[in-house]
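Note that the UniProt record's numbering gives residue 59 to position 59 of the sequence shown, counting from 1, and the numbers run on in steps of one. In this text, a Cβ means the ideal position worked out from N, Cα and C, and glycines have one as well.
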Amino acid sequence: MTAREVNFDGLPGLTHHYAGLSFGNEASTRHRYRVSNPQLAAKQGLKKMKALADAGYPQAGDPAAGASQRAASAPAGL
1 MTAREVNFDG LPGLTHHYAG LSFGNEASTR HRYRVSNPQL AAKQGLKKMK
51 ALADAGYPQA GDPAAGASQR AASAPAGL
């Protein structure tokens, strides 16, 4: 049997925030008082997906979720 690893990604939406401020969560604690930037988060996600695809890693996502996100994001200029 042959196995294949596929990276599944989704873009952060307008509700992107720094959650998980529990003790020991260094990444979210470090950003605790910063204002989130959903547009930048989406661009960073796309950059990561492209880097993985360029390195030869298969990428997958849910186009239906992306379509509804785009419809909701358009009024915000994303």
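Item	Value
Assigned secondary structure, residue 42 (DSSP; H/G/I helix, E/B strand, else coil)	helix
Enclosing alpha helix (DSSP H) for residue 28 [first to last residue]	26-30
Residue 51 (DSSP reduced to helix, strand or coil)	helix
Residue 48 Cβ short of 8 Å to the ligand MN heavy atom set	For the ligand MN, the structure offers nothing, since it holds no ligand at all.
Close beta carbons around residue 60, own chain, < 6 Å, minus the five adjacent residues each side	6 and 8
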